[in-house]
Structure formats: C-alpha cells, structure tokens
C-alpha cells in the first residue's frame, strides 16, 4: 500500500527530514515499511518549472492496512517529542488525513479515524 506524507509550512525541509529519520528508527522497531524521500514532480507541460533539489514527500510502502493506523500513532508520538510547526498530511489513493501542529484531542481522534477510513476501498466497496 503506497502512502505519502507531506508537511505544510516546512520550506527548508528540516521537519520533514526529522520525521523521515524518526520513521526509519521506528522501522527498526515495529514499522514494516519501505521508506524513502522524494521530490514532487513539477506540473506537466510547464516549461518554467524545474524539479528542485529538495525533498518534500516521504513515500512509504506499507505491508498491511493495519500499519496505516500504526503510522498515525507514530506521527503523533513524533509530534509530542518535537515542537511541530507544520501540518502533516497523509495521502493514499487521493484521500487525505491532516493533523495541525496545535491539534486538540478531538482533532487527533479525527486524524486517526481518517487514517483508519483509508483502509477501506475509495468507493466504499469491499
């Protein structure tokens, strides 16, 4: 299962790199995933755009749908250990779950529910 993580409000990519390192450490413990950094491709047909040197997406390939919820808890743990300044966006199959830097407990629960909902097929069929 392919999942992408983006951080808004992180122009220098420092927080993304910290999250990437945190995920790599978690992979050693209990997150069975392929994890990589990649840059977002420029819009097709735009001669003015070029792909920069910066990475702005963490790409994960998870082994099972259960790991998506585990990923949510790992992100929350990361944010508790750091002083986040960026929104975290988790994307899968065109669906998103977003966690604000100053999220209250209800917003954290909504984030986790949104991640869990990504385990279902996009059209609601099983």
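Numbering (our numbering), first residue to last: 41 to 166.
Note that beta-carbon positions come from the ideal geometry of N, C-alpha and C, so glycine has one too.
Query, Result
"Using three-state DSSP, classify residue 142 as helix, strand or coil.", "coil"
"Reducing DSSP to helix, strand and coil, say where residue 130 ends up.", "strand"
"Do you know offhand how far residue 143's Cα is from residue 79's?", "27 Å"
"What is the DSSP secondary structure of residue 110, counted as helix, strand or coil?", "helix"
"Does DSSP put residue 154 in a helix, a strand or coil?", "helix"
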